[in-house]
Every structure is written in C-alpha cells, then in structure tokens.
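Only one structure is covered here, and it is reproduced in the block below.
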Amino acid sequence: MFRVPQTCKGVHPLRFWPFIQARCTFSPAATTSLQFISDGYENENKDLDFKLLFSSCTNVHLAKRLHALLVLSGNAQDIFLSTGLVNLYANLGDVSFARHTFDQIQKKNIFTWNSMISAYARVHRYHEAVNCFYQLLLTSCLQPDSYTFPPVLKACGNMVDGKKMHCWVLKLGFEWDVFVAASLVHMYSRFGFLGVARKLFNNMPVRDMGSWNAMISGFCQNGNAAEALDLLDEMRLDGVKMDPVTVASILPVCALSDDILVGILVHLYSIKHGLESDVFVSNALINMYAKFGNLGHAQRVFDQMEVRDLVSWNSIIAAYEQNEDPITALGLFKEMQLVRIQPDLLTAVSLASIVAQLSDHRNSQSVHGFVVRRGWLMKDVIIGNAVADMYAKAGSVDSARRVFEGLPVKDVISWNTLITCYAQNGLASEAIEFYHMMVEHIEIIPNQGTWVSILPAYSHVGALQQGMKIHGRVIKNCLYLDVFVGTCLIDMYGKCGKLDDAMSLFYQVPRKSSVPWNAIISCHGIHGHGEKALKLFNEMIDDGVKPDHVTFVSLLAACSHSGLVDEGQWCFNVMQEKYGIKPSLKHYGSMVDLLGRAGRLDLAYNLIQNMPIQPDASVWGALLGACRIHGNFELGSIASDHLFEVDSENVGYYVLLSNIYANVGKWEGVNRVRSLARDRGLKKTPGWSSIEVNNKVDVFYTGNQTHPKSEEIYEELEVLTAKMKSLGYVPDYSFVLQDVEDDEKEHILTSHSERLAIAFGIITTPPKSTIRIFKNLRVCGDCHEATKFISRITEREIIVRDSNRFHHFKNGICSCGDYW
DNA sequence: GTAGGGTTAG
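Structure below.
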C-alpha cells in the first residue's frame, strides 16, 4: 500500500487520465487504483494499491503509460514504485527500458540492484548481469544480499568468473543460504566440476527440492547421464519424490544416452503423479520421443496438452522436420499461426530446414525474407547458419555464400556449413580452398563437423596425403574416433585406393550403427571386390546391425561391379522381404545396371516396366549403358527415347547413344544424335582428372594447355602413343562426339583429361612408382584401352578411380577385366 | 518491490 506524497501541487497528474483511459485497457481493479491516484491527489490520505496497478500492465505499452503517470505525479523517484517499474519492464521482457528506468533512479537500494541483475539474467544477458553486480560493488555503498547471488551465479559464463563469485559468497557469508548454495552447486556441475559440486551438495545443512534439482540438472546439462541417473536413485532412496523440474531435466538425458526404457519409465511416473500437465514436462517428452524417432508418441503427448506454448509448437514442428517429414512439419507451422502463436527464431530454424528438405528454391527466398524482416539474421548465428544451409541444400551456392558473408559473427558451424555446401554441390576444390581460409582464422577451432565436411572433398579429388593429414589432426585432437568422422576416413582411404587402411580403420570405429558398415561395403564394391562386400554384409547381420536402404545401394553396386547377378538378385529380394525396405530409384538403377551389364537386357527391361515408381534418368541411363556394352541398338533407342523425355540435358547419354550407333556402323544415327545434341545447345559437363603429387592436387581439364608443364605433357603423350601403336593400339573414334577428321579425333582422344594426368604423373614421379588418378566422369573406353598399354610400357601400376569404380592397371591388364 | 533448480537449436 502506498500513500501519495504531497509533491506535485499545481499540476493535476491525471489531466491525462481521459487520454490514457481512451487508449489503454486496464483491469477494473487497476481502474479503481488509477481513480485512487486521482482521488489521492485531491485527498492526500487515501491508500493506493499499486501492486494491482502493476499487475494490470500486461504489455510494455501499458507499462509506459503507467510510468508516465508516475513521473507526472512526482512518484518516479519513490524507491518502491521505481523498483516496481524496473521489475515490471523486466517481466515484460523489455530489459533496455528496465535499465533506462534503473539509471534514472537516484537513490537505489539493494532491491533495485537485485531487480536489475535478475532482469539481465532472466533474458540471458549474462555478461551484463555480472557487470551490474560489479557496478553494485564499486559504485554503491550497498552490500549484496542473499537475493543478489543466485542470478549472478547463474550468469557466470565460465569457471574463472564462477570461482570469483564463489569467493564473494564466502566473503559475505551467504554460503549457507539454501538458494545461494543450490546456485553454487548448479554452477559447478554445469561446468563439469562434479567433485566440487558434490562436496557442496553433501555439506548442505538443509536440502529442499531445488537443491536436488540443482545437482541433477547440473549433471544433465553437462551430459553426464550416468551421474544424473545415479543421483536420481539416491534421491528416491532418500524418500524425495521427483517434481516437474526433475522430470524436465532428466528427459533430455534419456534421449541423449539413447535410453528409451528409462524415458518411458519417467513418462509413466509423470502420468501417475499428474506431472504431465506441466508444460515443461510435456515439451520435454515431445522432444525425447522425437529424438527416439517415435513420432506417434510425440504427437500423442502434444495432442493431450491443455496448454501449449511456443516451445511446444517448436518442439512438435522440429520433431517432424528432424524425422524427415517436412510436409507435416509445414502443416503444423501453419496451424501454429492459426492459433496465433508468434514464431520465434527457433521456429525459423526448423522452417529453414523444412524448406531445405523440400528443396524448393522459391520458398527458400521467402524464409530468408521472413528472417531478415525480423532482424534475426543479425541476432543469432544459429539462424544464419540454418539459412545458409537451406540455400546449400537447394543448390544455391552463391546465395549460401552471400548469407555467410553477411553474418555479423561466424562460428565454426558457419564455416562447416559452407565447406559442406561446396563439397555437396560438386565443388570439391572450392570446399578445400574454403577450408584453407577457415584455418587462417585462428579463433575458429575445427571440430568433428569440420572433418566430416572436408574429408569427402578430399576423397572426391583423391587428395590422399591431405586426407591423411586430417587423420593425424583427428588423432591428435580427439579422445575417441567419432562414428561419422571415422566413416569419412574409411571412405577417404577407400576412395583413395587404400583399401587395407580403410579396413583397419573400420575395426577401430564403433560399429553399432549401419553407417561404417555401409562405407566399408561400398569401398569393397568400387574396388570390384563383390564377394568380400557380401561377406561383410553377412558379418554385419551376425553382429546384429540392422541394414538400411544405403546398405543395399552399396551392396547392389558391389554385385554389379563384380558381375554377381544371382547374389544381386538375392540382395534385392532380401531387402524387401526380410527388411521391409521399399526399393528406391537408386536400387532400381543398380539392379538394371547389374542385369544389363551381365547381358540380361530382357530382365533389366522387364524390371523397369514393372517398377511401381516412375523410372528416372539414372534407371534408363543404366539400361542405355548396358545396351552400349552389348551392342543392342533396338533396346538402346527405346531407352534413349525415355531418357530424353526425363532428362534431355545430360550430354553423356547422347554420347552413349552415338556410340551404340557407331558400333553397329549406323553412321546416319550417329550423325542424327550428334546434331540433336548440338541443336539443344548442350554444354558438356567438363571432364576433369586430378592427381596428387607432393601434397598438391593438380586438376586437368580435357584439352588443357594452360598447365605449366603442358608442353612436356603433350610431348610425353606423343612418344607414348607411338609406342602404343607399335604394340597394336588402335584409337577408338566412337568415343569422340565431335564431327571432325580422324587425325583431329586422335588428338582429341590424346588430350582427354585422364591421359594428361597420367602423363603428368609419369614425368613428375620416380620411375615405376604407382600413379593414382581421379576422374569426375566415367573413364572413356579408348582411354581405358590406352592406359592398359601405358601400364605395360612404363612398367607402372596405374590406379584410376572414375565416377563409378576403381580400375587397377598393371602389366597391360585391368582389374575390372574390362567388365565395366 | 528482489532470489535457486526445468523444455526447443544450426
């Protein structure tokens, strides 16, 4: 209760009253209170209930009116009222106004300071909260009290600040206050100082629910699942029951440690004790079930909620988004807007991810605009990264780069996002360049995500030595080998031709999930070791690891590369019947490839005709490729008709078709296809090959003449071609699409990128050492033949990895047995 | 008029 002081005689403070009444809605109680002010001005003895007045201000607008009123009535310097205003603004989330009001107060007491400090802590402006505490010590003659410390302890961002604060607690003698003690316990356990936290906890003379929760939640936020669960058990033995706070702390830990059993038990406990009605508990349940991939349970919890807040909506949207159901997630987002819940930054993060999954570039721009309009891009790096990733997944590399450049703060994930963006959009060299730029920023410390981004780029261009450097860094920096980093390394060694190293690494990584198994099976496949791939698959089953759709893509490809037709068909059946995996386009593509290469064109065509889904270019392309191998131009033209319907842009298919015609001497057809490709103005995917010499990757494009060693390379090729011809090499012009004279055709074949790279290898590496080449497209048939001769002439092992598999050339023979 | 321990993230 408050009595209006006699300060502002002369001006009626409430001459604005009708004006305020017209614009603001106060509760009836508040209206009465305001009337009281008015009356109090007339009759100075009336008591006013300002508490009511404060509580009736439900938005910043109303608060400002009340504030103006207090200023006008001369009450702004009153210590009770002004502190009330600081709190009011803080509760309404406007901490800058709270600070402004705070600064205006001339005689602050400890309540005022405590209000300001907790205002900062509540909105997570921790740095300012701590600064405010030190300001209190330095600029006022006031002593902090037991109310001061809990928010300040929460605000300590690191152990150095935390220890300093602990000293102040001890100095001023507040360590036995139950709230302060709980805050200390929580702070130490949050930073992983579990021993200290435990000691403080054990020494507490009084323990309430909050003390237990402080200790448990500290463990939880630190990811110490086992300790958290142990303590929970101890609490139970002590006869203390879990409350909503305990449950909301423990549920994320169940998800983190993949402990679905405890998760369900805690859920049952919550139902039994009526804790489900707590919105934090329900939200935590939704999140936990989402992480277990159990959308049904998540949805059920959401449906049963009586009160849903922003976090509930964000959680259920993210649940669907992260379980690859962007359509439902988008529907929920719309529903959320219908019930007038305002989205926040985290909603936008999910939204960006939803749009990325739908790979709809137009919507990408709307989401980007949505985020920019609200100023969120400048506010938090997380949303910036999400938007960059959204563009990356939509293939808009330039947009992703622009978002990245515009970020006020870039963290390691921003860099990782861009590296992945380049790598996944086929720009491996750019990804590598970007990684080198990142390394120059010493404040950015690479993490596991960085290795996962950069290793595939190194695999892609075959940079074995640089990939091994990363392996070295991983060993140095990480205590254990993360499954994903481990798998990337396996993939890198495998794709760089080091199958043995891939294998020994495989036995070092955790093999509970299908991820590393898929990688090692795929590695054996591209090396043409189909039998070994099947053996690994059986081992995987014996180990109790469940194969997924990726496993079968790798496995079918492995069978296809090795000509294991029966085994491939067996896999295709097992996949559907035993594991209930519906074949995707990739599986069909592999099957058509497998059957087609083996000459079972009838079966392959039959399979396509009976597909329950629409075949895409890769499926028809596989059939066309098989037709070229087996010289079946009738089926080839059927395949190409379908192919050009679904993809008329890929010049590779025109080359294939013209090869088919050329092989059976139908020059008319060859010319027709060539002019078709020309008329459609098709740009050929530039073929390139790379080779790593002395830690440096050199990339050669077909016809490249700008390389510093260009002259020597072409000289070497001329000498080689002459020797090859004397051994019986005849150039196969059917691999030349251009309509030119034969000697020009020979020149074109000789300047294919793989040959330039091989010649460069020959002149820059010691005699008889192995040459490793990478080609982005399939190796050309003529080059394949030529490389056999070159391996014989130079007595070198030449390993060529193309977009499909490995070719191991030695003594004039290729490991693929010309089955490719 | 002031305080601790809880849910969502790229």
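End of the first sequence = 828 in the numbering used here, gap-free, step of one.
Yeah, the Cβ is synthetic: ideal placement off N, Cα and C, and Gly gets one too.
Grab me the residues of residue i's own chain with a C-beta within less than 6 Å of its C-beta, minus the 5 sequence neighbours each way, in chain order.
i           : result
residue 456 : 490, 493
residue 769 : 699, 779
residue 218 : 190
residue 119 : 91
residue 292 : 256, 259
residue 24  : Per-residue confidence for residue 24 stands at a pLDDT of 49, beneath the threshold of 50, marking its modelled position as unreliable; no derived number is given.
residue 767 : 721, 724, 725
residue 144 : 121
residue 623 : 616
residue 440 : 465
Would you mind giving the Cβ-Cβ distance between residue i and residue j, rounded to the nearest angstrom? I have them listed as a contact below 8 Å.
i           : j           : result
residue 274 : residue 258 : 6 Å
residue 214 : residue 186 : 5 Å
residue 303 : residue 331 : 6 Å
residue 771 : residue 720 : 6 Å
residue 220 : residue 243 : 5 Å
residue 100 : residue 79  : Going by Cβ atoms, the distance from residue 100 to residue 79 rounds to 18 Å, so no, they are not a contact pair.
residue 823 : residue 536 : 6 Å
residue 252 : residue 288 : 6 Å
residue 230 : residue 200 : 5 Å
residue 325 : residue 355 : 7 Å
residue 576 : residue 615 : The Cβ separation is near 11 Å, so there is no contact.
residue 640 : residue 609 : 6 Å
residue 202 : residue 174 : Wrong, their Cβ atoms sit about 16 Å apart, outside the cutoff.
By Cβ distance, which residues of its chain are closer than 8 Å to residue i, with the 5 residues on each side in sequence left out?
i           : result
residue 744 : 753, 756, 757
residue 544 : 525, 528, 529, 532
My output table needs one value for residue i: the three-state DSSP class, helix, strand or coil.
i           : result
residue 589 : coil
residue 704 : strand
residue 815 : strand
residue 300 : coil
residue 837 : Any answer about residue 837 is impossible in this case: the structure gives the chain only from 9 up to 828.
residue 506 : coil
residue 697 : strand
residue 427 : helix
residue 349 : coil
residue 796 : helix
residue 277 : helix
residue 342 : helix
residue 711 : coil
residue 808 : strand
residue 484 : helix
residue 316 : coil
residue 780 : strand
Below 7 Å CB to CB, which residues in the same chain sit around residue i once its five sequence neighbours on both sides are set aside?
i           : result
residue 819 : 799, 800
residue 239 : 223, 224, 227
residue 408 : 396, 399, 400, 426, 429
residue 782 : 469, 470, 697, 698, 809
residue 750 : 741
residue 665 : 632, 644, 648, 681
residue 678 : 666, 669, 670
residue 382 : none
residue 513 : 494, 497, 498, 501
residue 71  : 65, 96, 97, 100
Kindly examine the ligand COA and report whether one of its heavy atoms sits closer than 7 Å to the Cβ of residue i.
i           : result
residue 351 : For the ligand COA, the structure offers nothing, since it holds no ligand at all.
Is there contact between the region 418 to 431 and the region 439 to 456, where contact requires at least three CB pairs shorter than 8 Å? In short, these stretches touch, since the Cβ pair count reaches three.
Okay, do the region 424 to 435 and the region 399 to 406 touch, 3+ Cβ pairs below 8 Å being the bar? yes
I'd like the ranges of any beta strand (DSSP E) spanning at least 3 consecutive residues and lying wholly in the region 171 to 218. none
Are the region 660 to 677 and the region 730 to 738 in contact at 8 Å, needing three or more beta carbon pairs? No, they do not touch.
Pick out the complete beta strand (DSSP E) segments inside the region 597 to 667, 3 residues or longer, and give them in chain order. Given a length threshold of 3 residues, the region 597 to 667 has no whole run of the beta strand (DSSP E) inside it.
Check whether the region 574 to 594 touches the region 545 to 560, taking contact to mean three or more Cβ pairs, one atom from each stretch, closer than 8 Å. yes
As an exercise, report each continuous alpha helix (DSSP H) stretch of at least 4 residues that is fully enclosed by the region 99 to 168, in chain order. 103 to 112, 118 to 130, 134 to 147, 157 to 163
Please determine if the region 635 to 654 and the region 701 to 709 are in contact, where contact requires at least 3 C-beta pairs separated by less than 8 Å. no
Below 8 Å, how does it come out for the region 789 to 797 and the region 473 to 482: are there three or more Cβ pairs, yes or no? no
Where in the region 71 to 96 do unbroken runs of the beta strand (DSSP E), each at least 3 residues long, occur, reported from the N-terminal end onward? none
Which complete alpha helix (DSSP H) runs does the region 435 to 478 hold, if anything under 4 residues is left out? 436 to 448, 456 to 469
Could you tell me which uninterrupted alpha helix (DSSP H) segments, each at least 4 residues in length, are contained entirely in the region 518 to 599, listed from first to last along the chain? 522 to 534, 538 to 550, 557 to 570, 573 to 585
Taking contact to mean 3 or more Cβ pairs, one atom from each stretch, closer than 8 Å, check whether the region 155 to 162 and the region 122 to 130 are in contact. yes
Please go through the region 353 to 437 and give each complete alpha helix (DSSP H) segment of 4 or more residues, from N-terminal end onward. 353 to 366, 369 to 381, 384 to 387, 389 to 401, 405 to 414, 420 to 432
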